[in-house]
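Trainee: Before I ask anything, here is the structure I am working with.
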Amino acid sequence: MAAPDLDAAVSITRGADPMLVLGDAPYVLVDLAPPARRWRRATVEGRYQHGRALVGSVLEQATIRLEVRVEAASWAALDTALTTLLAAVSQRSYETRITIGSTTDRWRCEPADVDYSGGALEKHLAMSAMQSYILTIPAYPVEVSS
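For the working numbering, add 393 to where a residue sits in the sequence shown, where the first one is 1.
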């Protein structure tokens with residue numbers, strides 16, 4: 394018996410425009426790495442103590458990493474879909490919602506870094522009006538409450 398596919402999508406708010414959903418055509422969500430928790434610690438060490446003492450800690454800036462494949466009927470349609478995607482992740486501030494199954498987490502985000510998957514335009518994908526992109530999205534480390 395085959396395992397069911399993971400039901401995952403990423404939604405990006407776009408001001409007054411409808412949300413952009415990565416996981417719905419023409420955007421295929423290939424890979425998703427939700428934000429990890431990393432701490433910035435302030436510690437002290439002394440000659441007469443074992444180890445170190447924690448003075449304080451705060452969460453570091455988080456990062457959401459996505460791989461998205463854009464599939465279209467023509468190169469012009471692919472270019473339009475890419476322009477829409479770039480506009481969505483280039484906003485100064487926006488909300489990204491990660492939905493896995495029936496659970497949704499919300500993050501306040503900054504403009505994303507976007508690169509070709511593999512570092513370059515892939516010829517055979519381009520000939521089929523497809524292209525894969527890696528999005529690295531800086532996110533505020535504390536989830537937005539509902």
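For every residue, glycine included, the Cβ atom is placed at its ideal position computed from N, Cα and C.
Bridge partners of serine 450, per DSSP?
Mentor: The residue labelled residue 450 in the question sits at position 57 within the sequence shown. DSSP lists Arg434 as partners of serine 450.
Trainee: Assuming contact is defined by CB atoms lying nearer than 8 Å, are isoleucine 527 and tryptophan 500 in contact in what I supplied?
Mentor: Within the sequence shown, numbered from 1, the residue matching residue 527 stands at position 134. Within the sequence shown, numbered from 1, the residue matching residue 500 stands at position 107. Against a cut-off of 8 Å, the Cβ pair of tryptophan 500 and isoleucine 527 comes out as no contact.
Trainee: Looking at C-alpha atoms only, which residue of Ser538, Ser525 and Pro534 is the closest neighbour of leucine 422?
Mentor: Stepping through the sequence shown from its first residue, residue 422 is reached at position 29. The candidate whose alpha carbon is nearest that of leucine 422 is Ser525.
Trainee: Are there three or more Cβ pairs, one per stretch, closer than 8 Å when the segment 405-417 is compared with the segment 480-492?
Mentor: A contact exists between the segment 405-417 and the segment 480-492.
Trainee: What is the C-beta distance between serine 450 and arginine 434, in whole angstroms, given that I count them as a contact (C-beta under 8 Å)?
Mentor: As a position in the sequence shown, residue 450 is number 57, starting the count at 1. As a position in the sequence shown, residue 434 is number 41, starting the count at 1. Right, the Cβ-Cβ distance comes to about 5 Å (below 8 Å), so this counts as a contact.
Trainee: Once DSSP output is grouped into helix, strand and coil, what is the label at alanine 418?
Mentor: Taking the sequence shown and counting its residues from 1, the one referred to as residue 418 is at position 25. Looking at alanine 418 - three-state DSSP - the assignment turns out to be coil, as it is neither helix nor strand.
Trainee: Spatial neighbours of aspartate 498 within its chain, please: C-beta separation below 6 Å, excluding the five flanking residues on both sides.
Mentor: Locating residue 498 in the sequence shown gives position 105, where the first residue counts as 1. Same-chain partners within the cutoff: Ile491 and Glu536.
Trainee: For leucine 475, does the three-state DSSP call read helix, strand or coil?
Mentor: On the sequence shown, position 82 is the one that residue 475 refers to. Leucine 475: helix per DSSP, three-state reduction.
Trainee: Out of Tyr533, Gly439, Pro534 and Leu475, which has the shortest C-alpha to C-alpha gap to tyrosine 509?
Mentor: Locating residue 509 in the sequence shown gives position 116, where the first residue counts as 1. Comparing Cα-Cα distances from tyrosine 509 to each of Tyr533, Gly439, Pro534 and Leu475, the minimum goes to Leu475.
Trainee: Which whole-angstrom value is the C-beta distance of leucine 471 and valine 463, which I expect to be below 8 Å?
Mentor: Your numbering for residue 471 matches position 78 in the sequence shown. Your numbering for residue 463 matches position 70 in the sequence shown. About 6 Å; that satisfies the 8 Å criterion.
Trainee: In whole angstroms, what separates the C-alpha of alanine 401 from that of threonine 473?
Mentor: Counting from one through the sequence shown, the residue named residue 401 turns up at place 8. Counting from one through the sequence shown, the residue named residue 473 turns up at place 80. The straight-line gap from Cα to Cα measures roughly 24 Å.
Trainee: Using a threshold of 8 Å, state whether the C-beta atoms of alanine 465 and alanine 513 are closer than that.
Mentor: By one-based count along the sequence shown, residue 465 stands at place 72. By one-based count along the sequence shown, residue 513 stands at place 120. No, Cβ-Cβ distance for alanine 465 and alanine 513 is not below 8 Å.
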